[in-house]
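Here is the structure we will look at, set down as structure tokens.
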Amino acid sequence: PNIIKLIRCPDANLDDPNKAVVQAVNFHPGADLDRPILLTAGLDHKLRFFNVAEEKSTKIHSIHFPKLPIFEASFLGKSGSVVLTGRRKFFYIYDSVAGKVDFVP
Numbered sequence: 334p335n336i337i338k339l340i341r342c343p344d345a346n347l348d349d350p351n352k353a354v355v356q357a358v359n360f361h362p363g364a365d366l367d368r369p370i371l372l373t374a375g376l377d378h379k380l381r382f383f384n385v386a387e388e389k390s391t392k393i394h395s396i397h398f399p400k401l402p403i404f405e406a407s408f409l410g411k412s413g414s415v416v417l418t419g420r421r422k423f424f425y426i427y428d429s430v431a432g433k434v435d436f437v438p
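Taking our numbering, the leading residue of the sequence shown gets 334, the next gets one more, and so forth.
Laid out in structure tokens, this is it:
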């Protein structure tokens with residue numbers, strides 16, 4: 334039989350909590366299983382990345398998108414790029430490795 338091990342961890346975004354409703358939570362599919370990477374995004378226009386750990390999760394990075402209240406954010410495969418959408422006629426693709434933001438009309 335398959336066994337799933339669950340561990341209660343402190344809130345991942347404790348270092349930098351969202352200032353508004355969290356709309357998206359997503360784990361990086363290619364991250365190390367012992368130290369997963371989590372993104373959170375929401376109506377405060379910010380995308381945040383965290384390393385999740387049993388004892389204390391740490392913030393890696395955050396970026397503010399002033400024109401986009403974020404309704405959805407998701408990793409694009411194992412690349413490290415994130416697509417961000419909202420109730421606008423445009424969206425963004427953020428390359429977290431290069432630190433590059435692409436505006437897509």
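The C-beta atom is built at its ideal place from N, Cα and C for all residues, glycine as well.
Note that the structure is predicted; figures quoted are calculated from it, not measured.
Same chain only: Cβ atoms within 8 Å of residue i, ignoring 5 sequence neighbours per side
{"i": "Ile-370", "result": "Phe-360, His-361, Ala-364, Phe-382, Phe-383, Asn-384, Val-385, Ile-393"}
{"i": "Arg-421", "result": "Lys-400, Leu-401"}
Cβ shell of residue i (< 7 Å), same chain only, five flanking positions each side left out
{"i": "Val-354", "result": "Gly-375, Leu-376"}
{"i": "Phe-436", "result": "Phe-423, Tyr-425"}
{"i": "Leu-417", "result": "Ala-374, Leu-380, Phe-398, Leu-401, Ile-403, Ala-406, Phe-424, Tyr-425, Tyr-427"}
Reference residue i; option with closest CA among the options
{"i": "Leu-401", "options": "Pro-438, Asp-367, Cys-342, Asp-344", "result": "Pro-438"}
{"i": "Glu-388", "options": "Leu-372, Asp-348, Thr-418", "result": "Asp-348"}
{"i": "Lys-352", "options": "His-397, Leu-366, Cys-342, Arg-368", "result": "His-397"}
{"i": "Cys-342", "options": "Asp-367, Gln-356, Asn-335", "result": "Asp-367"}
8 Å Cβ cutoff met for residue i and residue j
{"i": "Leu-380", "j": "Ile-403", "result": "yes"}
{"i": "Ala-345", "j": "Ser-395", "result": "no"}
{"i": "Pro-399", "j": "His-378", "result": "yes"}
task: Please confirm if the segment 420-430 is in contact with the segment 400-408, defined as three or more CB-CB distances below 8 Å between the two stretches.
output: yes
- request: Any chance you could list the beta strand (DSSP E) runs of at least 3 consecutive residues sitting entirely within the segment 366-410, in chain order?
  value: 370-375, 379-384, 391-397, 405-408
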